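Novice: Residue numbers (our numbering): 579 to 840. All C-beta atoms in this analysis are idealised placements derived from N, C-alpha and C, irrespective of residue type, glycine included. The structure displayed is predicted, hence computed values, not measured ones. Handing you a structure now.
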């Protein structure tokens with residue numbers, strides 16, 4: 579026969595085992611819940627990670643506004659081009675006039691900037707410690723001259739291109755210049771407003787490498803300010819992918835080889 583004391587001890591042991599079992603089950607459930615939460619959190623892409631995986635904007639995917647597609651004539655060479663021809667590059671555009679004094683001041687600052695960039699590139703090429711792209715920081719602080727296209731557009735719609743070429747050659751402005759056709763000028767007014775018709779206010783804007791464009795800004799800018807604005811336009815662009823002629827030829831050869839194998 580079990581004595582009263584033994585019965586009490588037995589009941590106490592059963593109660594302790596039940597309590598321990600309940601605690602183990604509870605902790606196990608919490609652990610499983612926490613593990614599940616961790617798995618869910620690891621599957622969520624943060625905004626920073628999402629931006630790092632940004633889609634590349636291909637040239638054929640860009641829907642350019644009409645004013646980027648109007649044919650222009652290079653005042654020096656007579657070759658035709660459009661503002662939309664420069665995918666993958668940042669295009670600096672300044673509406674100007676041959677009679678405009680402040681335009682001349684602004685363009686002289688562009689001359690200074692180009693000279694500074696050329697000197698910096700030469701220094702990087704001569705430096706054994708320079709990286710391949712001239713960047714040593716995670717955040718870009720500079721750019722190469724071949725990343726930028728400078729274009730001057732005369733708002734003098736009746737100006738002879740040869741006269742424009744004579745003017746810019748005499749001033750030492752060595753980038754591309756063209757006379758804006760009247761229909762394109764109307765499109766630019768619709769896009770940017772009437773300040774674009776006022777060369778002395780030194781209007782200017784950018785087309786980014788991905789085909790998007792900036793707002794129109796006015797006022798003479800120093801070479802340092804121009805540098806900052808160009809760098810900002812470069813950083814604001816979505817990633818682009820330029821296929822060089824040699825690469826395109828290699829791709830065509832690969833496609834041909836694949837077709838022959840099939």
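1) Can you round the beta-carbon distance between residue 782 and residue 672 to whole angstroms, since I take them to be within the 8 Å contact cut?
2) Can you confirm whether the stretch 746-759 touches the stretch 776-796 when touching is taken to mean that 3 or more C-beta pairs between the two stretches lie within less than 8 Å?
3) Tell me which residues share the same chain as residue 820 and place their Cβ nearer than 6 Å to its Cβ, disregarding the 5 neighbours each side in the sequence.
4) Which residue's Cα is closest to the Cα of residue 676: 734, 720, 639 and 760?
5) What is the DSSP secondary structure of residue 662, counted as helix, strand or coil?
6) Per the DSSP calculation, residue 754 is bridged to which residue(s)?
7) To which residues does DSSP link residue 782 through a beta bridge?
8) Helix, strand or coil for residue 763, going by three-state DSSP, please let me know.
9) Go through its chain and collect everything with a Cβ distance to residue 805's Cβ below 7 Å, but skip five positions before and after it.
10) Just the Cα atoms here: how many angstroms apart are residue 643 and residue 762?
11) Of the choices 758, 786, 788 and 789, whose alpha-carbon is the least far from that of residue 777?
12) Just to confirm the assignment, what range does the alpha helix (DSSP H) spanning residue 744 have?
13) Go ahead and pull the three-state DSSP assignment for residue 648.
14) How many Å lie between residue 793 and residue 770 at the Cα?
15) Out of 764, 699, 801 and 788, state which residue places its alpha-carbon closest to the alpha-carbon of residue 635.
16) Which one of 801, 682 and 674 has the shortest CA to CA distance from residue 732?
17) Which word fits residue 786, buried or exposed, when buried means at least 16 other C-beta atoms lie within 10 angstroms of its C-beta?
18) At what residues does the beta strand (DSSP E) containing residue 671 begin and finish?
19) Quick check: what's the CA-CA separation for residue 743 versus residue 688?
20) Between the Cα of residue 659 and those of 698, 730 and 649, spot the shortest distance and give me the residue it belongs to.
21) Determine the burial state of residue 610: buried for a count of at least 16 other Cβ atoms within 10 Å of its Cβ, exposed for fewer.
22) Whole angstroms are fine: how far does the CA of residue 664 sit from the CA of residue 655?
23) Go ahead and label residue 684 buried or exposed: buried means 16 or more other beta carbons lie within 10 angstroms of its beta carbon, across all protein chains shown.
24) Counting contacts by CB-CB distance shorter than 8 Å, is residue 703 in contact with chain B?
25) Secondary structure at residue 790, three-state DSSP: helix, strand or coil?
Specialist: So, from the data block:
1) 5 Å
2) no
3) 666
4) 734
5) helix
6) 729
7) 795
8) helix
9) 691
10) 11 Å
11) 758
12) 739-749
13) coil
14) 7 Å
15) 788
16) 674
17) buried
18) 668-674
19) 17 Å
20) 649
21) Below a pLDDT of 50, predicted positions are generally treated as unreliable, and residue 610, at 36, falls in that range; no measurement from the model is reported.
22) 18 Å
23) buried
24) Protein chains in the displayed structure number just one, and chain B is not present.
25) coil
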